[in-house]
Amino acid sequence: MLAKAHYKVAKLPSHRGVSVQQLQTNYKAPDFLAALKVFLNSRATQDKVVLPVELDRFEVFNQLYVKSGPSVVTRHGHGWQKIHAKPKVAAHGRKVKSPERFDTVFVWDEGHQPEDSFGPNTIRITQVHVIFKLPEHPSAR
1 MLAKAHYKVA
11 KLPSHRGVSV
21 QQLQTNYKAP
31 DFLAALKVFL
41 NSRATQDKVV
51 LPVELDRFEV
61 FNQLYVKSGP
71 SVVTRHGHGW
81 QKIHAKPKVA
91 AHGRKVKSPE
101 RFDTVFVWDE
111 GHQPEDSFGP
121 NTIRITQVHV
131 IFKLPEHPSA
141 R
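All the letters of the sequence shown, read from the start, carry residue numbers 1 to 141 under the UniProt record's numbering.
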């Protein structure tokens, strides 16, 4: 039996073929590639991990739904939380400009805390800048 997914994204990305340079500039993520490499290396379950490079292109999504557990604060049960990561879009033609939206989230990553954390099971507050799909590499297929 397959485990249920704890997240949902749209079937089709909002933007295809987004370069690393565009991610760094438009999504205000200057350390995107370096941070992604550190993350992938820390989660590696095989000997050889195919790391992204500067020339890779990414499929980017504007929002992500994450399944949440019951809240001890609001006493709400399980539910889905919508997280946005959208850059500013300038007005063009009949379309009006839209402001950027980078939601802030609480992250608890059990068992994968960095060495400089305050201990196991630390909750961090972070801002989501990009929701993306990793590019496929020919050697990884």
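All residues carry an ideal CB built from backbone N, CA and C; glycine is no exception.
Count the other CB atoms within 10 Å of the CB of residue i; is the residue buried (16 or more) or exposed (fewer)?
i: residue 26; result: buried
i: residue 87; result: buried
i: residue 141; result: Note that residue 141 has pLDDT 46, beneath the 50 cutoff, so the model's placement of it is unreliable and the number below is only indicative. By the neighbour-count rule (16 or more Cβ atoms within 10 Å), residue 141 is not buried but exposed.
i: residue 130; result: buried
i: residue 29; result: buried
i: residue 55; result: exposed
Of the choices the options, whose alpha-carbon is the least far from that of residue i?
i: residue 68; options: 93, 33, 87 and 105; result: 105
i: residue 34; options: 21, 46 and 45; result: 21
Might you give, ordered along the chain, the residues of its own chain that have their beta carbon closer than 6 Å to the beta carbon of residue i, omitting 5 neighbours on each side?
i: residue 81; result: 66 and 68
i: residue 132; result: 58 and 60
Please report the distance separating the alpha-carbon of residue i from that of residue j.
i: residue 9; j: residue 108; result: 20 Å
i: residue 58; j: residue 135; result: 6 Å
i: residue 79; j: residue 6; result: 10 Å
i: residue 19; j: residue 71; result: 38 Å
i: residue 61; j: residue 98; result: 16 Å
i: residue 123; j: residue 93; result: 44 Å
i: residue 90; j: residue 101; result: 14 Å
i: residue 36; j: residue 42; result: 10 Å
i: residue 83; j: residue 125; result: 14 Å
Between which residues of its own chain and residue i is the CB-CB distance below 7 Å, once the five residues before and five after are set aside?
i: residue 1; result: Caution is warranted here: a pLDDT of 44 is assigned to residue 1, below 50, making its placement in the model unreliable, and the coordinate value is therefore given only provisionally. Result list for residue 1: empty, nothing under 7 Å.
i: residue 40; result: 49 and 51
i: residue 53; result: none
Quick one: does the C-beta of residue i sit closer than 7 Å to a heavy atom of the ligand NAD?
i: residue 21; result: The model on display carries no ligand, and the ligand NAD is accordingly not part of it.
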